[in-house]
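If you're matching positions, the sequence shown starts at 1 in my numbering and goes up one per residue.
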Amino acid sequence: MKRVRVREEGFKDFDKRLGCWQIAFALFAIGIIIHLFIIQVLDLKHLKLRAKKQRSAQNFVLRGDIYDRNGIKLASDKVLFDVYARTPDYEHTPEELANMLAPILKMPKAQLVKKLKRKDIMIALKKGVDRDTRDKIADLHLREIPLDKKSTRVYPQGAMAAHILGYYNFNADIASGVEMTAKDKLEYVEDNVPLEKTPRGDIIYDFGTDPLATTKPLKGKDVTLTIDTAIQHICEQELYKMINQRKALRGTVIVMNPKTGEILAYAVYPYYDPNNYHKATFNQIKNWTLTDVFPPGSTFKVITVASAMELGKINPQTKIHDTGKIDVGWWTIKNYDYSKKPNPGMISLEYLFQHSSNVASVKVAQMMTSKEFYDILKKFGIGEKTGIDLPGESVGIIKPANKWDTSDHASMGYGYGASVTAIQMITAVSALANNGVKITPHVIKYTQQEAENKIHYTRVLKPETAKAVTKILTDSINDGKSSIKMENYNVAAKTGTSHKPKDNGSGYTNQYYTSIIGYLPASNPQVLIYVMVDSAQGGEVWGSTVAAPVFKEITSQVARIMNLKPDKNIGKILKTKGETD
1 MKRVRVREEG FKDFDKRLGC WQIAFALFAI GIIIHLFIIQ VLDLKHLKLR AKKQRSAQNF
61 VLRGDIYDRN GIKLASDKVL FDVYARTPDY EHTPEELANM LAPILKMPKA QLVKKLKRKD
121 IMIALKKGVD RDTRDKIADL HLREIPLDKK STRVYPQGAM AAHILGYYNF NADIASGVEM
181 TAKDKLEYVE DNVPLEKTPR GDIIYDFGTD PLATTKPLKG KDVTLTIDTA IQHICEQELY
241 KMINQRKALR GTVIVMNPKT GEILAYAVYP YYDPNNYHKA TFNQIKNWTL TDVFPPGSTF
301 KVITVASAME LGKINPQTKI HDTGKIDVGW WTIKNYDYSK KPNPGMISLE YLFQHSSNVA
361 SVKVAQMMTS KEFYDILKKF GIGEKTGIDL PGESVGIIKP ANKWDTSDHA SMGYGYGASV
421 TAIQMITAVS ALANNGVKIT PHVIKYTQQE AENKIHYTRV LKPETAKAVT KILTDSINDG
481 KSSIKMENYN VAAKTGTSHK PKDNGSGYTN QYYTSIIGYL PASNPQVLIY VMVDSAQGGE
541 VWGSTVAAPV FKEITSQVAR IMNLKPDKNI GKILKTKGET D
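What follows is the structure in structure tokens.
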């Protein structure tokens, strides 16, 4: 009897547990029914929106073209096609497909058959075919051979202005240069209507689908640069000649209109071809003129003299006692020609520029307090980004005034106290060429409305200061033996040579930065040119022997291209034309 009772109690417990499970399953089923009712009936609109979103796809959009200031095309999109095979849709055997496609794709039949026999759902047969090839395949009406349209960026001028244009990688959406800074404009489309597509990419038409929107090619806005390809070509050509001749490491030539801030040419060596950017090295692609800093050397003396004159410490008639060498702190500063002219005596500012006196430049710098000098250098833009419309710009290096020692203060006077970028240097000197006003440098042509936000004006010097320093620079060229002297134009310019620092910052190498900066016509400057060559080899390595010849050739050709009005020997020129004075 006990066994019977135990068995009956066991059945009762099992029945209870089974009942609980049945109730739980019933509640779960009711929950599912309620959930389905909510999402399929009450929340139907939300589901439709989600489904629509999953089917949505943007129209094929071409990036806008890039032109130079004269309408010459520098960058554009080229439409290419990728050819695929979709195995679930096969209506022909791999051999039959290969027979039809091999002549069009210019591929061996055996290679195509091998690809077509793969078990993947989608098989890439050939990528980047042109429109003519695409049309020939489309004429075969092969359902199993879909074609995917894509763009590639083409640069018809090759390596010209590569560091300004940059490059664009469609697959990774990575860009540099103007391709990056103007990305929003190049890709902006006003009427980009989303479309619905099937997983295979076929358009789903409904009553709201605009048939024109499905076929009309969409394109971003075009961008016009300030670059003049004729000037750009000359700069790149002359720079390369000198670098090749002197086996230099790298170099740059920047040409600017100082009155507008427009960059007319921007040559950066080493060059690379943006059509094949993936083959270029990092050093080739990098625009080091924006990122890398260097001591400017004697070209900085222009800024030192202008700063002291602006502060009233000197005037155009000031004489300075040049002793040939001077002790500052723990070191001795000498003139480069100390062995030939150990004690020049009382010299003018014209002599200072003409003979590039380090001692006189140090003494001019010492006439200003550290704070006075620092503050006006910051106005020139030293230690600040210029705001140029290219990516990657660095700020340069300059110590705060309260951290200057006597050596810092002295070396600042002749171009060793601060480190600048090439674009900083030309922007700083542009203030002298523009009656004391510095303008944001730029490579993109802006509308008046855009310019108000992008381009800024900074008063650095009084007009009379800028004109006085310009005259001294001009006289130093005209009265001396400079190789850059021009027959029909007054040129205000200064060369520079500076030791190249070691990578670890402990001292200097035996290499040099050679440079020159100048503008013309000096009476009404229309063009400002900066040339810098890094680590030239062979012969005498000075700004006057390496950078100046490049400057001379470029100024001659730019004056002709821009049809600059002569401001020198006017009477002689008029007589040559058969006119009277």
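Backbone N, C-alpha and C fix where the C-beta goes; we use that ideal spot for every residue, glycine too. What you are looking at is a predicted structure, and each value in this text was computed from that prediction instead of being measured.
Backbone secondary structure at residue i - three-state DSSP
i: LEU140; result: coil
i: PRO501; result: strand
i: HIS590; result: Any question about residue 590 goes unanswered here, given that the chain covers just 1 to 581.
i: VAL362; result: helix
i: ALA306; result: helix
i: ASN169; result: strand
i: LEU97; result: helix
i: TRP331; result: strand
i: LEU62; result: strand
i: MET256; result: strand
i: TYR277; result: helix
i: ARG250; result: strand
Beta-carbon separation (whole angstroms), residue i vs residue j, contact threshold 8 angstroms
i: SER430; j: LEU352; result: Actually they do not touch by this definition, with Cβ atoms about 22 angstroms apart.
i: LEU116; j: ALA98; result: 6 angstroms
i: SER419; j: LEU290; result: With a Cβ gap of about 14 angstroms, SER419 and LEU290 do not count as contacting.
i: ALA175; j: TYR167; result: 7 angstroms
i: GLU238; j: ILE554; result: 6 angstroms
i: SER498; j: TYR416; result: 7 angstroms
Straight-line Cα distance separating residue j from residue i
i: LYS221; j: LYS185; result: 6 angstroms
i: PRO464; j: VAL546; result: Reading the sequence as shown, one finds Glu at residue 464 and not Pro. Straight-line Cα distance between these residues: approximately 33 angstroms.
i: ALA666; j: ILE145; result: In the structure displayed, the chain extends from 1 to 581; residue 666 sits before or after that span and is not available.
i: VAL293; j: ASN435; result: 27 angstroms
i: GLU96; j: THR87; result: 14 angstroms
i: TRP542; j: TYR336; result: 11 angstroms
i: ILE333; j: THR323; result: 10 angstroms
i: TYR512; j: GLN354; result: 20 angstroms
i: GLY387; j: TYR266; result: 16 angstroms
i: PRO316; j: ILE227; result: 36 angstroms
i: ASN563; j: GLN557; result: 10 angstroms
i: GLU350; j: ASN478; result: 10 angstroms
i: LYS445; j: PHE551; result: 26 angstroms
i: ASN537; j: ASN283; result: Reading off the sequence shown, one finds Gln at residue 537, where the question assumed Asn. Those two C-alpha atoms are separated by around 20 angstroms.
i: SER76; j: ARG63; result: 7 angstroms
i: ALA428; j: ALA422; result: 10 angstroms
i: VAL437; j: HIS456; result: 10 angstroms
i: MET256; j: ILE231; result: 11 angstroms
i: LYS371; j: LEU249; result: 37 angstroms
Residue nearest to residue i in terms of C-alpha spacing, selected from the options
i: HIS409; options: GLU450, GLN317, GLU540, LYS363; result: LYS363
i: ILE123; options: ILE388, VAL154, ASP132, TYR90; result: TYR90
i: LEU461; options: VAL305, ASP139, LYS340, GLN232; result: VAL305
i: ILE376; options: GLY413, SER356, HIS355; result: GLY413
i: ARG118; options: ILE333, THR93, VAL129, ILE285; result: THR93
i: ASN524; options: GLU350, ALA466, TYR416; result: ALA466
i: TRP330; options: SER411, ILE397, ALA280; result: SER411
i: ASN569; options: LYS494, GLY539, LYS485, GLN557; result: LYS485
i: ILE347; options: LYS438, TYR338, SER357, ILE320; result: ILE320
i: LYS301; options: ASN276, THR281, ILE517; result: ILE517
i: LEU264; options: LYS565, ASP567, PRO400, TYR530; result: TYR530
i: ALA308; options: ALA468, MET242, LEU74; result: ALA468
i: ILE314; options: ALA360, TYR272, SER298; result: ALA360
i: PRO391; options: LYS241, PHE380, HIS442, SER370; result: HIS442
i: VAL491; options: LEU74, ASP405, ASP567, ILE303; result: ASP567
i: MET180; options: PHE380, ILE164, ILE121, GLU190; result: ILE164
i: ILE66; options: MET100, PRO156, HIS141; result: PRO156
Endpoints, beta strand (DSSP E) assigned at residue i
i: LYS78; result: 73 to 86
i: ASP148; result: 147 to 154
i: GLU384; result: Here GLU384 belongs to no beta strand (DSSP E), and DSSP marks it neither H nor E.
i: LYS127; result: 122 to 129
i: MET425; result: From DSSP, MET425 is part of no beta strand (DSSP E) but of the alpha helix (DSSP H) over 422 to 433.
i: GLN511; result: 508 to 520
Residue span of the alpha helix (DSSP H) that contains residue i, given as start and end
i: ASN177; result: Note that residue 177 is Gly in the sequence shown here, rather than Asn. Per DSSP, GLY177 belongs to the alpha helix (DSSP H) from 177 to 181.
i: THR458; result: Not the alpha helix (DSSP H): THR458 falls in the beta strand (DSSP E), residues 457 to 459.
i: GLY413; result: 406 to 413
i: GLN237; result: 229 to 246
i: GLU187; result: Taken as a continuous stretch (DSSP letters only), GLU187 belongs to no alpha helix (DSSP H), as it is neither H nor E.
i: ASP475; result: 463 to 478
i: GLU350; result: 349 to 354
i: LYS319; result: Here LYS319 belongs to no alpha helix (DSSP H); instead the beta strand (DSSP E) covers 319 to 322.
i: VAL558; result: 548 to 561
i: THR291; result: 288 to 291
i: ILE285; result: 282 to 285
i: LEU583; result: Any question about residue 583 goes unanswered here, given that the chain covers just 1 to 581.
Cβ of residue i within 7 angstroms of any chain B Cβ
i: GLY539; result: Absent from the structure is chain B; it holds one protein chain and no more.
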